[in-house]
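A quick write-up on the structure given underneath.
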Amino acid sequence: KAGVTQTPRYLIKTRGQQVTLSCSPISGHRSVSWYQQTPGQGLQFLFEYFSETQRNKGNFPGRFSGRQFSNSRSEMNVSTLELGDSALYLCASSLGQGANTIYFGEGSWLTVV
Amino acid sequence: GNSVTQMEGPVTLSEEAFLTINCTYTATGYPSLFWYVQYPGEGLQLLLKATKADDKGSNKGFEATYRKETTSFHLEKGSVQVSDSAVYFCALGGSGGGADGLTFGKGTHLIIQP
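Protein chains in written order, with this note's numbering: chain A, 1 to 113; chain B, 114 to 227.
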């Protein structure tokens with residue numbers, strides 16, 4: 001079955017703009033989480049959604065937000081982009097909230113100029 | 114809070130050499146432990162996992178044993194191949210089913226030379 005699908009794969013934005021990234025989880029998976037990967041900070045947890053509700057949030061400013069739809073697809077949004085937001089954004093899905101095993105997509109590469 | 118420490122490398126080995134990548138962790142409760150692998154330009158792939166003390170995870174010739182007494186989850190492989198070149202991440206998941214995301218180590222860049 002299809003894995004976690006993220007779109008777009010690559011994008012370039014200008015400082016101050018906003019961006020929306022999309023994630024389709026593995027079929028049957030109801031939990032979606034998001035991670036930011038940068039060379040300096042490594043992989044950091046952004047948030048997790050289950051049944052259209054944010055269940056947990058990492059230590060990121062309010063400019064980072066997300067949502068989940070009834071079909072479990074998720075989007076994350078970053079407003080007022082800063083240069084430091086340049087990163088690989090990874091979406092992951094799992095069967096349920098706090099499930100032991102999560103599966104990652106290939107990520108969306110965001111460059112802020 | 115939770116934390117994971119692993120050697121960052123790069124670790125350079127010759128083909129068919131024995132591999133060990135050390136991983137130690139700090140956590141409350143009884144987390145699950147994971148190794149993920151990331152090939153250039155790709156996302157993370159689950160390599161193996163262990164959910165309780167003394168469990169051994171294994172996949173594709175890689176193994177790791179959950180050692181509660183030493184809070185470690187070292188990754189080993191008996192004979193590496195060039196195709197194993199990648200970045201390897203050790204991670205721990207919240208215990209008790211808590212939805213607090215995975216905590217990752219910084220990653221170990223592994224280079225296998227023919």
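Note that the Cβ used here is the ideal one computed from N, Cα and C, for glycine as well.
- Only buried fits VAL32/A, as 16 or more other CB atoms lie within 10 angstroms of its CB.
- Chain-order list of chain B residues neighbouring THR101/A: LEU159, LYS162, by C-beta distance under 7 Å.
- Rounded to whole angstroms, the gap between the alpha carbons of GLN41/A and LYS57/A is 17 Å.
- Of the candidates PRO61/A, GLY62/A, GLY66/A, LEU11/A, GLY66/A places its Cα closest to the Cα of GLN54/A.
- Not one beta carbon of chain A lies nearer than 8 Å to the beta carbon of PHE175/B.
- Residue state for GLY220/B is assigned as coil, using DSSP reduced to three classes.
- In the three-state reduction of the DSSP assignment, GLY84/A falls in the helix class, which pools H, G and I.
- Counted as a single uninterrupted DSSP element, the beta strand (DSSP E) harbouring ASN172/B occupies residues 169-172.
- Residue-level contact check: PHE131/B does not touch chain A, since none of the beta carbons of chain A fall below 8 Å from its beta carbon.
- For ILE12/A, the enclosing beta strand (DSSP E) starts and ends at 10-13.
- Following the DSSP letters along the chain, one finds GLU189/B inside the beta strand (DSSP E) bounded by residues 188-190.
- In the DSSP assignment, TYR138/B falls within the beta strand (DSSP E) that extends over 136-139.
- Within 8 Å of the CB of PHE186/B, no CB atom of chain A is found; the nearest one sits about 14 Å away.
- DSSP places THR38/A in the uninterrupted beta strand (DSSP E) bounded by 31-38.
- Closest option to VAL113/A, judged by alpha-carbon separation, among ILE26/A, THR14/A, ARG9/A: THR14/A.
- Identification of chain B residues near GLY107/A by a Cβ-Cβ cut-off of 7 Å yields GLY156, ordered along the chain.
- Of all residues in the stretch 54-85 of chain A, only ARG55, ASN56, GLY58 come within less than 7 Å of chain B when Cβ atoms are compared, listed by chain position.
- Counting along the chain, no beta strand (DSSP E) covers SER51/A, and no H or E run does either.
- Taking C-beta separations shorter than 7 Å and ignoring five residues to either side along the sequence, the partners of THR137/B in its chain run THR118, THR184, SER185, following chain order.
- Around GLY114/B, no beta-carbon contact reaches into chain A at under 9 Å, the shortest distance being about 10 Å.
- DSSP, read as helix, strand or coil, puts VAL195/B in helix.
- Interface flag for LYS165/B against chain A is unset, since no Cβ pair is found closer than 8 Å.
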